[in-house]
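S.K.:
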Amino acid sequence: MNLPSTTIGCEPLNLAAGVVAFSTQRGCCNPSDPYDGFNACSYTGDDPAHIEACRHRLGMPYVMPRQTHSLNVAIVSSPCEPVDVDAIVTSERQLALCINTADCVPVVLADPEAGVIAAVHSGWKGTVGRITARAVDAMVAIGAVPSRIHAAMGPCICRGCFEVGHEVAALFREASLSDAVVDLTPKPHVDLPAAVAMTLAECGVSPDAVAMPCGCSRCRPDRWFSARKLGVNSGRTLTVVYLP
Ligand SMILES: [Zn+2]
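Residue 126 in my numbering sits at position 13 of the sequence shown, with consecutive numbering throughout.
Below you can see the structure in the form of structure tokens.
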């Protein structure tokens, strides 16, 4: 695989042959320093010089949205930083689609036959709103076929770590995602990756073609940024997908 692993610590994502996908690791860092390690996210309080140095290490043109927990999807064809967008889709080669997360689920998608890829930020709001299904719809609009789509999720918060308020659990139930809610006392938990997997199945993506996250950001803040562990003013894990 054509990973920039010599310059960035990466967790390769098991997506599809002919498609490169990975999530960054913080690298050698002080785990309790909220910005220490690889961080390319420009709107969570880090030093702009540090962000620029990290972005430079990507070594290729990229799209990196200003995410807002919206359900907005953009089809892109050149480097840009679209605002108020949480999912991006392209059929361009050598254009890296980048999503920043710290506990939310980064989802990458590819129909290798059509040459269409997507990257999605699926936090709890995006998951309840099925932003991943919207990304699949956008992929289909430019030639993808759901039964050919492969998906992989990057590191995010695990079910055991993701305690939520009763009102958030209720929203998952109302959205017909009850199976992702774990009833614990005093508070329920939500299994975000399971909810994303359910959404993908509804879209017609084969469960065999969906790779679940390799680890939990909150359990391993030495490896990945975690907003719950470090606060929202912290770095972000960058998840990247591109067609080489
Ligand atoms: Zn965890």
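Quick reminder that beta carbons are idealized off the backbone N, C-alpha and C, glycines included. All values reported here derive from a predicted model rather than from experimental measurement.
1) In this structure, how does DSSP classify residue 285 when only helix, strand and coil are distinguished?
2) Tell me the DSSP secondary structure of residue 266 in three-state form.
3) My assumption, with CB atoms under 8 Å, is that residue 136 sits in contact with residue 350. Please give the rounded CB distance.
4) Check whether the Cβ of residue 331 sits closer than 6 Å to any heavy atom of ligand 1, and report yes or no.
5) Give a single yes or no on whether residue 123 has its beta carbon closer than 6 Å to a heavy atom of ligand 1.
6) Can you tell me whether residue 342 is buried or exposed? The criterion is at least 16 other CB atoms within 10 Å of its CB, across all chains shown.
7) For residue 114, does the three-state DSSP call read helix, strand or coil?
8) Hey, how far is the Cα of residue 197 from the Cα of residue 321?
9) Among all the DSSP beta bridges, which residues are the ones paired with residue 353?
10) Check this for me: beta carbons of residue 354 and residue 218, under 7 Å apart or not?
11) Taking its Cβ as the centre, do 16 or more other Cβ atoms sit within 10 Å of residue 128, making it buried, or is it exposed?
12) Could you work out which residue in 261, 145, 248, 125 is closest to residue 333 when comparing CA atoms only?
13) So, is residue 138 buried or exposed, given that buried needs 16 or more other C-beta atoms within 10 angstroms?
14) Counting C-beta neighbours from all protein chains within 10 Å, is the total for residue 157 16 or more, i.e. buried, or is it exposed?
M.R.: Per the coordinate set shown:
1) What you label residue 285 is simply residue 172 of the sequence shown in a count that begins at 1. Three-state result, residue 285: helix.
2) Along the sequence shown, read from residue 1 onward, the residue named residue 266 stands at position 153. Looking at residue 266 - three-state DSSP - the assignment turns out to be strand.
3) By one-based count along the sequence shown, residue 136 stands at place 23. By one-based count along the sequence shown, residue 350 stands at place 237. That pair is a contact at about 5 Å.
4) Position 218 of the sequence shown, counted from the first residue, corresponds to residue 331. Residue 331 Cβ: within cutoff of ligand 1.
5) Counting from 1 along the sequence shown, the entry for residue 123 is found at position 10. No, Cβ of residue 123 sits at least 6 Å from all heavy atoms of ligand 1.
6) Along the sequence shown, one-based indexing puts residue 342 at 229. The residue in question, residue 342, is buried, as its Cβ has 16 or more Cβ neighbours within 10 Å.
7) Start at 1 with the first residue of the sequence shown, and residue 114 comes out as number 1. With a pLDDT of only 36 at residue 114, under 50, the local geometry of the prediction cannot be trusted, and the value read off the model is given with reservation. If DSSP states are grouped into helix, strand and coil, residue 114 belongs with coil.
8) For the purposes of this step, residue 197 is taken as residue 84 along the sequence shown, with counting starting at 1. For the purposes of this step, residue 321 is taken as residue 208 along the sequence shown, with counting starting at 1. Using only the alpha carbons, I get a separation of about 32 Å.
9) Translated into positions along the sequence shown, residue 353 becomes position 240. Answer by DSSP bridge pairing, in chain order: 135, 211.
10) Translated into positions along the sequence shown, residue 354 becomes position 241. Translated into positions along the sequence shown, residue 218 becomes position 105. Against a cut-off of 7 Å, the Cβ pair of residue 218 and residue 354 comes out as no contact.
11) By 1-based counting over the sequence shown, the position of residue 128 is 15. Counting Cβ neighbours within 10 Å, residue 128 comes out buried, since at least 16 surround it.
12) Numbered from 1 along the sequence shown, position 220 holds the residue referred to as residue 333. Considering only alpha carbons, the answer is 145.
13) As a first step, residue 138 must be located in the sequence shown, where it is residue number 25. Buried: at least 16 other Cβ atoms inside 10 Å.
14) For the purposes of this step, residue 157 is taken as the residue at position 44 of the sequence shown. Classification of residue 157: buried, given that the 10 Å Cβ count is 16 or more.
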